[in-house]
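*Asks:* If you scroll down you'll find the structure; I have some questions about it.
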Amino acid sequence: MSGEPILSVEQLTMRFGGIVAVQELSFAAERKKITALIGPNGAGKTTVFNCITGFYKPSGGAIRLTHDDGRQIALERLNDFRIAKQAKVARTFQNIRLFPGMTALENLMVAQHNALMLASGFTFLGLIGVPTYRDAEKRAIALATDWLKRINLLDRADDAAGNLAYGDQRRLEIARAMCTEPALLCLDEPAAGLNARESAALSELLLSIRNELGTSILLIEHDMSVVMEISDHIVVMDHGVKIAQGTPREVRDDPKVIAAYLGTDEDEAVAVMESGS
Amino acid sequence: MDYFTQQLINGLVLGSIYGLIAIGYTMVYGIVGMINFAHGDIFMIGGFIALITFLILISLGLTAIPVILLVVLLVSMAITALYGWTIERIAYRPLRHSFRLAPMLSAIGMSFVLTNYSQIAQGARVKPIPPLITGGYTLHESADGFVIRLSNVQILVVITTIVLLAIFTWLVSRTRLGRDMRACEQDQTMAALLGVDVDRTISMTFVIGAALAAVAGLMYLLYYGLVDFFMGFVAGIKAFTAAVLGGIGSLPGAMLGGLAIGLIETFWSAYFSVEYKDVAAFSILIVVLIFMPTGLLGRPEVEKV
Amino acid sequence: MTATPHKTSNASRTAGIPFLLKTAFINAAIALVLFSLMVGIRTEAGSDGQLTYWTRFGDLAALVGAVFGGSIVIELLRQWIGPTGAEKLVPPAVQSGISFIGRYLAPALLIFTLLVPVIFYNQRYILDLAILVLTYVMLGWGLNVVVGLAGLLDLGYVAFYAVGAYSYGLLATSFGWSFWVCLPLAGILAAFWGVLLGFPVLRLRGDYLAIVTLAFGEIIRLVIINWQELTGGPNGVSGIPRPSFFGIPLDNSDDGLAAKLGIEYSPTHRIVFLFYLILALALLTNWVTIRLRRLPIGRAWEALREDEVACRALGINTTTTKLTAFATGAMFGGFAGAFFATRQGFISPESFTFQESALVLAIVVLGGMGSQLGVALAALTMIGGFELFRSLENYRMLVFGMAMVLIMIWRPRGIIGHRAPTVYLTKAQAISSDLVKEGHG
Numbered sequence: 001m002s003g004e005p006i007l008s009v010e011q012l013t014m015r016f017g018g019i020v021a022v023q024e025l026s027f028a029a030e031r032k033k034i035t036a037l038i039g040p041n042g043a044g045k046t047t048v049f050n051c052i053t054g055f056y057k058p059s060g061g062a063i064r065l066t067h068d069d070g071r072q073i074a075l076e077r078l079n080d081f082r083i084a085k086q087a088k089v090a091r092t093f094q095n096i097r098l099f100p101g102m103t104a105l106e107n108l109m110v111a112q113h114n115a116l117m118l119a120s121g122f123t124f125l126g127l128i129g130v131p132t133y134r135d136a137e138k139r140a141i142a143l144a145t146d147w148l149k150r151i152n153l154l155d156r157a158d159d160a161a162g163n164l165a166y167g168d169q170r171r172l173e174i175a176r177a178m179c180t181e182p183a184l185l186c187l188d189e190p191a192a193g194l195n196a197r198e199s200a201a202l203s204e205l206l207l208s209i210r211n212e213l214g215t216s217i218l219l220i221e222h223d224m225s226v227v228m229e230i231s232d233h234i235v236v237m238d239h240g241v242k243i244a245q246g247t248p249r250e251v252r253d254d255p256k257v258i259a260a261y262l263g264t265d266e267d268e269a270v271a272v273m274e275s276g277s
Numbered sequence: 001m002d003y004f005t006q007q008l009i010n011g012l013v014l015g016s017i018y019g020l021i022a023i024g025y026t027m028v029y030g031i032v033g034m035i036n037f038a039h040g041d042i043f044m045i046g047g048f049i050a051l052i053t054f055l056i057l058i059s060l061g062l063t064a065i066p067v068i069l070l071v072v073l074l075v076s077m078a079i080t081a082l083y084g085w086t087i088e089r090i091a092y093r094p095l096r097h098s099f100r101l102a103p104m105l106s107a108i109g110m111s112f113v114l115t116n117y118s119q120i121a122q123g124a125r126v127k128p129i130p131p132l133i134t135g136g137y138t139l140h141e142s143a144d145g146f147v148i149r150l151s152n153v154q155i156l157v158v159i160t161t162i163v164l165l166a167i168f169t170w171l172v173s174r175t176r177l178g179r180d181m182r183a184c185e186q187d188q189t190m191a192a193l194l195g196v197d198v199d200r201t202i203s204m205t206f207v208i209g210a211a212l213a214a215v216a217g218l219m220y221l222l223y224y225g226l227v228d229f230f231m232g233f234v235a236g237i238k239a240f241t242a243a244v245l246g247g248i249g250s251l252p253g254a255m256l257g258g259l260a261i262g263l264i265e266t267f268w269s270a271y272f273s274v275e276y277k278d279v280a281a282f283s284i285l286i287v288v289l290i291f292m293p294t295g296l297l298g299r300p301e302v303e304k305v
Numbered sequence: 001m002t003a004t005p006h007k008t009s010n011a012s013r014t015a016g017i018p019f020l021l022k023t024a025f026i027n028a029a030i031a032l033v034l035f036s037l038m039v040g041i042r043t044e045a046g047s048d049g050q051l052t053y054w055t056r057f058g059d060l061a062a063l064v065g066a067v068f069g070g071s072i073v074i075e076l077l078r079q080w081i082g083p084t085g086a087e088k089l090v091p092p093a094v095q096s097g098i099s100f101i102g103r104y105l106a107p108a109l110l111i112f113t114l115l116v117p118v119i120f121y122n123q124r125y126i127l128d129l130a131i132l133v134l135t136y137v138m139l140g141w142g143l144n145v146v147v148g149l150a151g152l153l154d155l156g157y158v159a160f161y162a163v164g165a166y167s168y169g170l171l172a173t174s175f176g177w178s179f180w181v182c183l184p185l186a187g188i189l190a191a192f193w194g195v196l197l198g199f200p201v202l203r204l205r206g207d208y209l210a211i212v213t214l215a216f217g218e219i220i221r222l223v224i225i226n227w228q229e230l231t232g233g234p235n236g237v238s239g240i241p242r243p244s245f246f247g248i249p250l251d252n253s254d255d256g257l258a259a260k261l262g263i264e265y266s267p268t269h270r271i272v273f274l275f276y277l278i279l280a281l282a283l284l285t286n287w288v289t290i291r292l293r294r295l296p297i298g299r300a301w302e303a304l305r306e307d308e309v310a311c312r313a314l315g316i317n318t319t320t321t322k323l324t325a326f327a328t329g330a331m332f333g334g335f336a337g338a339f340f341a342t343r344q345g346f347i348s349p350e351s352f353t354f355q356e357s358a359l360v361l362a363i364v365v366l367g368g369m370g371s372q373l374g375v376a377l378a379a380l381t382m383i384g385g386f387e388l389f390r391s392l393e394n395y396r397m398l399v400f401g402m403a404m405v406l407i408m409i410w411r412p413r414g415i416i417g418h419r420a421p422t423v424y425l426t427k428a429q430a431i432s433s434d435l436v437k438e439g440h441g
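Below you can see the structure in the form of structure tokens.
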């Protein structure tokens with residue numbers, strides 16, 4: 001097994017016209033760990049995500065993904081769908097992007113597109129109904145069912161995704177990303193809009209993904225209770241640069257983080273930071 | 001060179017007419033987000049009303065050309081505007097917040113209705129009128145006898161277009177109606193909350209668009225000396241092409257696109273082949289959109305992730 | 001949101017006769033202005049080229065009167081039915097009934113269709129009409145792949161129909177190739193043009209897509225008109241061979257099918273054969289589409305319609321997904337075109353105008369995007385209805401256009417307003433079309 005971090009971001013810069021959204025940012029995400037990327041609104045977190053997952057082409061810097069077998073992939077050179085397909089990086093979105101008119105099960109089947117496409121002989125074999133494709137489809141349904149069980153939505157499998165409750169949609173989106181069998185799972189504010197109970201369930205789900213499946217997770221999150229509880233490592237950004245990193249405890253006590261992250265009002269800052277402990 | 005200049009003049013005149021129609025497409029698109037497929041037919045109706053008004057005025061014994069022109073302009077603008085208003089009310093308003101393809105198909109249906117209405121009401125044959133405005137200027141005469149001419153009709157078309165554009169730009173940027181229109185374009189719900197009468201603003205958009213189309217219809221009538229019930233279709237898709245080429249939703253873009261299409265068509269006819277002028281215009285549209293997916297002046301679409 | 005109240009309808013619930021009359025008067029006044037010149041005056045070019053005109057105030061008065069009476073009737077109906085108007089004309093119970101019947105309607109319709117040549121053997125007119133309807137069913141199913149499943153708006157679908165028709169027409173008349181060789185070729189050529197159209201529109205959205213597909217359709221038509229050496233220009237291609245029963249001609253000769261079977265020859269044989277041919281082609285289209293929907297490619301099409309960004313995040317190559325949708329839809333259009341050519345024996349650019357594209361698109365949208373049964377019903381309604389109005393002659397397109405507007409207002413999401421899932425664990429539940437996205441096309 002490779003000792004290298006699964007993801008290493010080096011000197012990443014992203015400019016939009018004259019605005020520098022991310023400036024020479026470097027950090028690493030450890031293998032089989034949960035790394036959180038936090039920072040105030042507008043710090044450039046989602047931009048970093050979009051660079052990693054290929055939705056933006058970085059203006060400069062390097063993003064390396066090292067697979068378990070030591071294979072290295074330069075993510076900044078791949079574009080959109082290839083990052084998910086070849087580099088095995090899956091992501092969710094800040095505002096949920098499910099396929100609302102398709103059932104929960106169908107959503108999870110779409111996620112297995114590339115595997116199924118291969119099994120269907122790029123449609124031609126599937127069209128004439130070869131048994132190997134039917135087996136592959138059965139396996140895909142089994143994987144989807146397994147995930148529906150994990151996220152507690154088995155009984156809603158045949159309901160339209162758009163009809164699910166907000167929290168259920170969040171979990172379904174994570175399950176859908178996991179159905180691509182990723183090496184790295186990137187979650188953009190998965191706890192946004194969840195209540196305390198749902199947040200707790202989410203934490204549990206993410207921990208189980210890390211512990212049982214060994215998937216590395218990179219996470220943007222504002223909900224400090226979730227971040228502090230599950231993260232192994234935290235990177236703090238402000239105004240496009242990294243201002244601190246370390247374990248949850250280290251970050252929470254870092255005066256720079258408190259000052260920058262929560263402005264000048266230190267009492268409030270301390271209060272929020274402590275709510276996570 | 002002389003030949004080139006002459007074609008340039010012809011192309012700009014044709015482009016002005018396309019531009020006037022294209023503004024109607026782009027305005028409606030900007031505010032309601034739909035392609036008003038019936039707009040080309042509104043232009044055709046405008047041409048017919050202008051023609052009929054001419055006939056009546058002339059048979060009444062009126063001879064003063066400027067008076068005739070002014071009356072025809074006002075009558076055709078007013079009646080055509082009412083057509084625009086009525087169509088929006090009947091065919092589009094009930095579908096305002098519906099599924100997006102529904103108003104488009106409704107518009108295609110409306111376009112069929114208008115084409116056939118005018119065919120039934122006025123017959124299928126081409127309707128010619130004698131040239132009302134004659135004369136012009138010879139700009140330059142070359143040694144081999146080629147003459148560059150600028151006819152009075154051409155001058156009239158270009159001047160009318162410029163004046164209308166000026167009025168229109170003033171309307172959109174300076175008046176309360178213009179402000180309401182721009183507000184509705186950004187966010188209809190918010191505009192309504194802030195006291196903008198969205199229904200009225202949208203109605204006015206259709207009214208103005210139809211009035212401009214009527215002017216284009218009149219100009220077409222004066223320039224080519226004829227109208228027929230089917231002319232709305234071709235002119236409509238050309239103007240729509242112009243609006244998209246310029247960047248749909250952008251008013252200067254519509255005018256620019258109109259001029260571009262007019263010039264492409266004229267030059268292609270002049271230097272290559274008349275038969276393939278439309279093919280050339282459409283092909284250039286496709287090529288431009290490959291490289292600039294939102295047209296020449298359209299706002300680039302930012303993909304929100 | 002069709003319930004958006006008409007401004008007047010708020011008041012109309014309480015107001016009585018004075019209000020009614022006022023509305024009717026206003027509407028009649030508007031009608032008077034609208035029709036005054038267009039109907040009240042009739043122009044015509046005389047023999048000397050001079051334009052003359054005469055008045056038709058009688059017609060004008062009749063029209064205005066009709067609008068006056070019509071508004072009273074509509075206003076009364078509106079008060080009677082309630083402010084939501086058209087929406088309520090179809091109560092939910094009926095709507096769910098439709099979906100229930102839907103399960104049995106499709107097989108029943110299929111059986112009936114199979115029996116049409118038996119029932120109407122002696123009614124040539126009905127057989128011809130049935131063939132026409134089936135052609136549009138097939139075109140609708142083909143376009144449905146692009147518009148209904150992948151959510152890509154295509155206003156130039158008729159181009160592929162034309163490519164198919166001309167492929168067969170030209171190959172058959174120039175090289176004497178048989179229908180059965182040309183049919184797959186026509187499909188492949190049309191698919192090739194589909195990909196060709198697909199490339200420039202990959203990055204385009206919505207109305208940009210609409211105009212480019214429309215322009216593409218017009219380009220194909222204009223090239224056909226003007227490339228006279230190849231296509232015969234406006235005169236078209238004539239003498240296109242009729243299809244044979246796998247090599248055996250369907251004619252009155254000694255080698256003909258009738259002679260071989262030892263039965264008396266009748267021209268109806270060929271019509272019946274054509275009927276089953278188009279039925280087979282349409283059913284093939286249907287079968288392939290239904291299967292494709294359950295394959296990863298079909299799910300990717302639908303996912304693309306729902307959310308393209310999410311598709312990319314899941315590793316789906318949206319480029320090839322879009323291109324395959326265009327190619328598949330175009331291929332079916334090409335098959336239908338080849339059939340059209342062999343049925344008519346003559347093709348000309350007049351058959352491939354924008355009106356045809358609009359008609360097929362209307363069938364798809366009216367059918368309820370993505371629903372196979374809905375598209376078949378819509379084709380039957382539109383083409384059948386259009387034939388019913390044949391007696392109206394000039395007024396036919398007028399009525400047709402009005403019907404299009406009214407149908408859209410009545411059911412903006414089409415006859416079949418729900419989507420069937422492609423895979424299920426316990427029970428296939430129909431998904432309301434309110435949730436289904438319409439794609440960015």
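Keeping their order, the protein sequence lines are chains A, U and P.
Quick note: the first sequence uses full-length UniProt numbering, first residue 1, plus one each step.
Quick note: the second sequence uses full-length UniProt numbering, first residue 1, plus one each step.
Quick note: the third sequence uses full-length UniProt numbering, first residue 1, plus one each step.
Virtual Cβ for every residue (Gly too), placed ideally from N, Cα, C.
Source: prediction; values computed, not measured.
#1: Below 7 Å CB to CB, which residues in the same chain sit around leucine 132 of chain P once its five sequence neighbours on both sides are set aside?
#2: Going by alpha carbons, who is nearest to leucine 60 of chain P out of P:Ala29, P:Glu264, P:Glu75 and P:Leu77?
#3: Would a C-beta distance cut-off of 8 Å place leucine 7 of chain A and leucine 218 of chain A closer than the cut-off?
#4: Is it buried or exposed for aspartate 187 of chain U, if we count other Cβ within 10 angstroms and need 16 for buried?
#5: Could you run through the region 24-43 of chain P and flag, in chain order, every residue whose CB is less than 7 Å away from some CB of chain U?
#6: In chain D, which residues lie with their C-beta within 7 Å of the C-beta of glycine 101 of chain A?
#7: DSSP beta-bridge partners for methionine 109 of chain A?
#8: In angstroms with no decimal places, state the Cα-to-Cα distance between serine 216 of chain A and lysine 33 of chain A.
#9: Which residues in the same chain as valine 245 of chain U place their Cβ atom closer than 7 Å to its Cβ, once the five residues preceding and following it in sequence are excluded?
#10: Measuring CA to CA, which of P:Asn27, P:Phe340, P:Gly46 and P:Ala150 is closest to arginine 89 of chain U?
#11: Sort U:Leu194, U:Val147, U:Ala91 and U:Ile120 by Cα distance to phenylalanine 230 of chain U and report the nearest one.
#12: Interface residues of chain P around lysine 85 of chain A at Cβ under 7 Å?
#13: Please list, in chain order, the chain P residues whose beta carbon lies closer than 9 Å to that of valine 48 of chain A.
#14: Which residue marks the beginning of the beta strand (DSSP E) containing residue 443 of chain P, and which one marks its end?
#15: Roughly how many whole angstroms lie between the Cα atoms of leucine 323 of chain P and glycine 298 of chain U?
#16: Going by DSSP, what residue range makes up the alpha helix (DSSP H) through cysteine 311 of chain P?
#17: Could you compute how far the alpha carbon of proline 117 of chain P sits from the alpha carbon of valine 195 of chain P?
#18: With a CB to CB cut of under 6 Å and the five nearest residues on each side skipped, what residues in its chain are close to phenylalanine 68 of chain P?
#19: DSSP three-state label for serine 357 of chain P, please.
#20: Do phenylalanine 326 of chain P and leucine 197 of chain P have their beta-carbon atoms positioned less than 8 Å apart in this structure?
#21: What residues of chain A sit near leucine 20 of chain P, judged by a beta carbon separation below 8 Å?
#22: CB alanine 160 of chain A to CB methionine 102 of chain A, shorter than 8 Å?
#23: Could you tell me which chain U residues have their CB closer than 9 Å to the CB of glycine 401 of chain P, listed as they occur along the chain?
#24: DSSP beta-bridge partners for aspartate 238 of chain A?
#25: To the nearest angstrom, report how far apart leucine 63 of chain P and leucine 82 of chain U are at their CA atoms.
#26: Skipping 5 residues on each side, what residues in its chain have a beta carbon closer than 6 Å to that of glycine 46 of chain U?
#27: Pull up the distance between the alpha-carbon of histidine 67 of chain A and that of alanine 87 of chain A, whole angstroms please.
*Replies:* From the atom records:
#1: Taking the first residue of the third sequence as position 1, residue 132 of chain P is located at position 132. Result list for leucine 132 of chain P: Ile383, in chain order.
#2: Within the third sequence, residue 60 of chain P is the residue found at index 60, counting from 1. Here the closest residue by C-alpha is P:Ala29.
#3: Locating residue 7 of chain A in the first sequence gives position 7, counting from the first residue. Locating residue 218 of chain A in the first sequence gives position 218, counting from the first residue. Closer than 8 Å, so yes.
#4: The sequence position of residue 187 of chain U within the second sequence is 187, counting from 1. Exposed, because fewer than 16 other Cβ atoms sit within 10 Å of the Cβ of aspartate 187 of chain U.
#5: Ile30, Val33, Leu34, Leu37, Met38, Val39, Ile41, Arg42 and Thr43
#6: Included in the structure are the protein chains A, U and P, with no chain D among them.
#7: On the first sequence, position 109 is the one that residue 109 of chain A refers to. Paired residue(s): none; methionine 109 of chain A is not in a bridge.
#8: Position 216 of the first sequence holds residue 216 of chain A. Position 33 of the first sequence holds residue 33 of chain A. Whole-angstrom Cα-Cα distance: 5 Å.
#9: On the second sequence, position 245 is the one that residue 245 of chain U refers to. Note that residue 245 of chain U corresponds to leucine in the displayed sequence, not to valine. Around leucine 245 of chain U: Gly257, Ala260, Ile261, Leu285, Val288, Gly295 and Leu296.
#10: If you number the second sequence from 1, residue 89 of chain U lands on position 89. The shortest C-alpha separation from arginine 89 of chain U is found at P:Asn27.
#11: In the second sequence, residue 230 of chain U corresponds to position 230, counting from 1. Of the listed residues, the one whose Cα sits closest to phenylalanine 230 of chain U is U:Ile120.
#12: Counted from its first residue, the first sequence places residue 85 of chain A at position 85. Near lysine 85 of chain A (Cβ distances below 7 Å), the residues of chain P are Gly315.
#13: Sequence index remark: in the first sequence, residue 48 of chain A carries index 48 (1-based). The premise fails here: valine 48 of chain A is roughly 15 Å from chain P at the closest Cβ pair, so nothing lies under 9 Å.
#14: Missing from the structure shown is residue 443 of chain P; chain P here goes from 1 to 441 and no further.
#15: Translated into positions along the third sequence, residue 323 of chain P becomes position 323. Translated into positions along the second sequence, residue 298 of chain U becomes position 298. Leucine 323 of chain P and glycine 298 of chain U: Cα-Cα distance of roughly 26 Å.
#16: One-based indexing of the third sequence puts residue 311 of chain P at position 311. It spans 308-313 - the alpha helix (DSSP H) in which cysteine 311 of chain P sits, taken as one unbroken run.
#17: The residue given as residue 117 of chain P occupies position 117 in the third sequence. The residue given as residue 195 of chain P occupies position 195 in the third sequence. Roughly 37 Å between the two C-alpha positions.
#18: The sequence position of residue 68 of chain P within the third sequence is 68, counting from 1. The residues are Ala24 and Ala28.
#19: Taking the third sequence and counting its residues from 1, one reaches residue 357 of chain P at position 357. Here serine 357 of chain P sits in helix by DSSP.
#20: As a first step, residue 197 of chain P must be located in the third sequence, where it is residue number 197. As a first step, residue 326 of chain P must be located in the third sequence, where it is residue number 326. For leucine 197 of chain P and phenylalanine 326 of chain P, yes; Cβs fall inside 8 Å.
#21: Numbered from 1 along the third sequence, position 20 holds the residue referred to as residue 20 of chain P. Under the 8 Å cutoff, chain A gives no residues; its nearest Cβ is about 43 Å from leucine 20 of chain P.
#22: In the first sequence, counting from the first residue as 1, residue 160 of chain A sits at position 160. In the first sequence, counting from the first residue as 1, residue 102 of chain A sits at position 102. Yes; because the gap between Cβ atoms is below 8 Å, this pair is in contact.
#23: To locate residue 401 of chain P, count along the third sequence from 1; it is residue 401. Near glycine 401 of chain P (Cβ distances below 9 Å), the residues of chain U are Ile108, Gly109, Met110, Ser111, Phe112, Val113, Leu114, Thr115, Asn116 and Tyr117.
#24: Translated into positions along the first sequence, residue 238 of chain A becomes position 238. In DSSP, aspartate 238 of chain A forms a bridge with A:Val241.
#25: Indexing the third sequence from 1 puts residue 63 of chain P at position 63. Indexing the second sequence from 1 puts residue 82 of chain U at position 82. The straight-line gap from Cα to Cα measures roughly 17 Å.
#26: Taking the first residue of the second sequence as position 1, residue 46 of chain U is located at position 46. Cβ neighbours of glycine 46 of chain U beyond the five flanking positions: Ser76, Thr80, Ala213, Ala214 and Gly217.
#27: Start at 1 with the first residue of the first sequence, and residue 67 of chain A comes out as number 67. Start at 1 with the first residue of the first sequence, and residue 87 of chain A comes out as number 87. About 8 Å.
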